[in-house]
Amino acid sequence: MMETKLKAGTTLIVDRYSYSGVAFSSAKGLDFEWCKAPEIGLIAPDLVLYLDITPEKAAERGGYGGERYEQLEFQKKVAQRYKLLEDSSWKTLGEIYA
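Put into structure tokens, the structure is as follows:
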């Protein structure tokens, strides 16, 4: 469906797409390369906007900790995995935007 929309000239803005699955699964201890394997062949984004906020700063926000994965140490691992996924298509926006 995404490919059809793109070929028709539609601009797609996708929240989280494939990177979050890799970051969260590998943060749980699964092999990073193994986690990336299912993503092979997916349409590569032209641009990734990464809203960079430290896990500590995120924890200061209201409502943090209510979800299963909202644990500080786990979020530190997730943040590290996102850094490993970064490539030239990524534009990182600092905490002021996150």
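If you're matching positions, the sequence shown starts at 1 in full-length UniProt numbering and goes up one per residue.
No residue lacks a Cβ here, since even glycine has one placed at the ideal position from N, Cα and C.
Small disclaimer: the values here were computed from a predicted structure and weren't measured.
The beta carbon of PHE74 sits closer than 7 Å to those of ALA27, all from its chain and outside the five residues before and after it, given in chain order.
The Cβ-Cβ distance between ARG81 and ALA23 falls below 8 Å.
Assignment of VAL48 by DSSP, reduced to helix, strand and coil, places it in the strand class.
Between LEU49 and LYS91, the gap from beta carbon to beta carbon is short of 8 Å. A check of alpha carbon separations from SER25 across VAL78, ILE13, GLU86 and LEU85 identifies VAL78 as the nearest. In this structure LEU51 is exposed. Its beta-carbon is surrounded by fewer than 16 other beta-carbon atoms within 10 angstroms.
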